[in-house]
Amino acid sequence: MSSKEKDIHLSFVKSMSILLFLLVAIYFAVVRWQMDPQIPIVLTTVYGAALAMFSGISWQRLEEAILDNINTVAQSLLVLLVIGIMLGTWLHSGVVPTMIYYGSLIISPKLFLPTACLLCSITSLSTGDSWGTAGTVGIALMGIGLSFGIPAPMIAGAVVSGSYFGDKMSPMSDTTLLASAVAKADLFEHIKYMLWTTIPALIIAVVAYFFIGLPHAHNVNVDEIQVMLGELSSAVNINPILLLAPAFVIAMIALKIPALPALMMGTLIGSVFAVIFQGATLPEVMDAMHYGISMETGNELIDSLVSGGGLDYVMWTISLIFCAMALGGILDGSGAIKEVVSRMMKRINSVGKLVTTTIFTSFFINFAMADQYLAIIFPGKMFGEEYEKMGLHPKVLSRTLEDAGTLTSPLFPWNTCGAFIMSVLMVNPFAYAPYAILNWVAPIISIIYSFTGFKIAYIDNGKN
7 MSSKEKDIHL SFVKSMSILL FLLVAIYFAV VRWQMDPQIP IVLTTVYGAA LAMFSGISWQ
67 RLEEAILDNI NTVAQSLLVL LVIGIMLGTW LHSGVVPTMI YYGSLIISPK LFLPTACLLC
127 SITSLSTGDS WGTAGTVGIA LMGIGLSFGI PAPMIAGAVV SGSYFGDKMS PMSDTTLLAS
187 AVAKADLFEH IKYMLWTTIP ALIIAVVAYF FIGLPHAHNV NVDEIQVMLG ELSSAVNINP
247 ILLLAPAFVI AMIALKIPAL PALMMGTLIG SVFAVIFQGA TLPEVMDAMH YGISMETGNE
307 LIDSLVSGGG LDYVMWTISL IFCAMALGGI LDGSGAIKEV VSRMMKRINS VGKLVTTTIF
367 TSFFINFAMA DQYLAIIFPG KMFGEEYEKM GLHPKVLSRT LEDAGTLTSP LFPWNTCGAF
427 IMSVLMVNPF AYAPYAILNW VAPIISIIYS FTGFKIAYID NGKN
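Under the numbering used here, the sequence shown has 151 at position 145, and the numbering climbs by one with no breaks.
Given below as structure tokens:
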């Protein structure tokens, strides 16, 4: 790329036209016509690429940006593939049905939503992995909640809140490490400082889930649940030993074993359990790995709880992630994102405005570029100097990046995080977003702090 071309980027009007094109395409295709979002995103990518090339930006530059963008999520795509395969073996072996069976016996319907949030919080805090939490404990909680008659979006919202609590707070989480590194803040100072926004958000979420769940708890028919559990145990061999599979995976991740080997071991255990407890043959196990499980017991709810999984199960999500990453590459390679954000910078003249702009920029990047890591890295690089000029401690920036970049990532269906959650919980992010209370309350608390000055630390007084 020539030095002259490096200076070429899309104007503000052209940059905004790409985003407007995306909004219109998503509205008509997804909202009005009930279509999948892949093609609207591809059409926006084509429009953005054409606009960039007509403006003098080479295809080579755009292609490099697309490939770089895809490379940032390559590991996540591998994790998603393995989780799909593992889920097929866990359904076939009876691991997931067993988790649903015993969970339905133990958890109180009245306290289900707050319990689901807290269970996922503890698991994700122990492992640092929101995807692993949602893909194991979260799937079981979906089944238990549905058996209680609680709407799926509410259950998914509680699971997402809890799963992303640990993703944000655990020292083993990649986003926790990334945010502290980008802002040049000490890791443990960063974690302690995040408590001031995250713990109040968690308390608000748990209290809200208690009241949201109450009306549904009164409608629970215990006899119906017992009948359903009886049908479930007739269809699948339920055995408490099967619970060792998720326990083993969670323990491995907590011991800092990388996610991919841990999930592969979970797949192997699920395969062995399928043979031992369900009498499956090797070809049947391999078929479940690829195509998942489709069970027909005559009970519609049970069929929905114990069907799914497999390689094919996650390919829709992977195609969505590839489309979103291609669009993100166009927005990055054309300079569209930087152009839009640079306009915001001109109006920043206070700590409140700086923190609010950072949060909305992370939110915007999660929406437009569809990746959690980019929503942390880009604003961190863009606004780092402004935080320094205002004398703010680096942990203010790192906390803000997590409050927005980490927590808002699962709220969009085409974001890598939202697409993953949708693939395992089978609920559209737009449906569960209102109930993912922690994920949108924490950024609001962060904005309130920034305007009031509460717990805003400065370099010369880092204790605040």
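All residues carry an ideal CB built from backbone N, CA and C; glycine is no exception. All values reported here derive from a predicted model rather than from experimental measurement.
Using only alpha-carbon positions, find the residue among the options that is nearest to residue i.
i: His-224; options: Gly-335, Lys-116, Asp-74; result: Lys-116
i: Leu-124; options: Phe-60, Ala-214, Leu-183; result: Ala-214
i: Trp-202; options: Ala-381, Glu-408, Pro-435, Ser-429; result: Glu-408
i: Ala-251; options: Ile-14, Ile-275, Thr-412; result: Ile-275
i: Lys-174; options: Thr-133, Val-212, Gly-151; result: Thr-133
i: Ala-410; options: Leu-398, Thr-362, Glu-394; result: Thr-362
i: Gly-141; options: Pro-400, Ala-35, Val-166; result: Val-166
i: Met-22; options: Ile-210, Asp-466, Ser-340; result: Ser-340
i: Met-234; options: Met-292, Ile-24, Ser-110, Met-295; result: Ser-110
i: Leu-403; options: Ala-191, Ser-415, Thr-412, Leu-84; result: Ala-191
i: Leu-326; options: Val-278, Phe-369, Pro-419; result: Pro-419
i: Ala-164; options: Leu-84, Leu-431, Thr-412, Leu-68; result: Leu-431
i: Ala-489; options: Leu-413, Ala-448, Ala-332; result: Since the displayed the chain opens at 7 and closes at 470, residue 489 lies outside it and no answer follows.
i: Ile-24; options: Arg-38, Val-48, Val-36, Asp-42; result: Val-48
i: Met-295; options: Leu-97, Gln-232, Asp-74; result: Leu-97
i: Ala-211; options: Ile-427, Gly-168, Ile-128, Tyr-464; result: Gly-168
i: Ser-429; options: Ile-106, Leu-317, Pro-449; result: Leu-317
i: Thr-367; options: Leu-380, Met-59, Asn-355, Pro-46; result: Leu-380
i: Tyr-108; options: Ile-89, Leu-84, Leu-147, His-222; result: Leu-147
i: Met-388; options: Ser-310, Ile-365, Ala-374; result: Ile-365
Using three-state DSSP, classify residue i as helix, strand or coil.
i: Ile-299; result: strand
i: Gly-314; result: strand
i: Thr-64; result: Checking the sequence, you will find Ser at residue 64 rather than Thr. It is coil, neither helix nor strand.
i: Phe-418; result: coil
i: Asn-445; result: helix
i: Gln-44; result: helix
i: Ala-268; result: helix
i: Gly-335; result: helix
i: Ile-244; result: coil
i: Ile-275; result: helix
i: Ile-343; result: helix
i: Thr-458; result: helix
i: Gly-236; result: helix
i: Ile-263; result: coil
i: Gly-54; result: helix
i: Trp-39; result: coil
i: Thr-287; result: coil
Can you give the Cα-Cα distance for residue i and residue j, rounded to whole angstroms?
i: Phe-216; j: Gly-54; result: 45 Å
i: Arg-353; j: Lys-359; result: 8 Å
i: Met-301; j: Ser-313; result: 6 Å
i: Ile-161; j: Ser-17; result: 43 Å
i: Gly-144; j: Cys-126; result: 7 Å
i: Ala-71; j: Ser-114; result: 50 Å
i: Asp-377; j: Gln-40; result: 24 Å
i: Gly-94; j: Leu-444; result: 30 Å
i: Gly-397; j: Gly-390; result: 11 Å
i: Ala-207; j: Val-101; result: 33 Å
i: Ile-63; j: Ile-76; result: 20 Å
i: Asn-245; j: Pro-400; result: 51 Å
i: Trp-446; j: Leu-28; result: 23 Å
i: Leu-184; j: Ala-260; result: 19 Å
i: Ile-150; j: Val-433; result: 15 Å
i: Gly-236; j: Gly-315; result: 23 Å
i: Leu-119; j: Phe-171; result: 15 Å
i: Pro-177; j: Phe-194; result: 8 Å
i: Leu-269; j: Gly-459; result: 44 Å
i: Ser-497; j: Gly-298; result: This structure cannot settle anything about residue 497, because the visible part of the chain is limited to 7 through 470.
i: Ile-209; j: Ile-218; result: 14 Å
i: Ala-58; j: Leu-68; result: 8 Å
Return the first residue and the last residue of the alpha helix (DSSP H) that residue i is part of.
i: Pro-159; result: 158-175
i: Phe-426; result: 422-431
i: Met-464; result: Sequence inspection shows Tyr at residue 464; the Met mentioned does not correspond to that position. Premise fails: Tyr-464 is in no alpha helix (DSSP H) and is neither H nor E.
i: Ala-251; result: 250-260
i: Lys-198; result: 193-223
i: Asp-180; result: 180-189
i: Ile-24; result: 18-32
i: Pro-435; result: 435-438
i: Ile-145; result: 145-153
Would residue i pass as an interface residue toward chain B - the criterion being a Cβ-Cβ separation below 8 Å?
i: His-399; result: Going by chain labels, chain B is absent from the structure shown, which holds only one protein chain.
Is there at least one non-hydrogen atom of the ligand FAD closer than 7 Å to the beta-carbon of residue i?
i: Thr-458; result: The ligand FAD is not among the ligands present in this structure, which contains no ligands whatsoever.
Checklist line | Complete runs of the beta strand (DSSP E) confined to the region 72-141 [at least 3 residues] | finding: Runs of the beta strand (DSSP E) inside the region 72-141: none found.
Check: Which runs of the alpha helix (DSSP H) spanning at least 4 residues fall entirely within the region 346-415, listed in chain order?
Finding: Segments of the alpha helix (DSSP H) lying fully in the region 346-415: 357-374, 378-395, 400-407.
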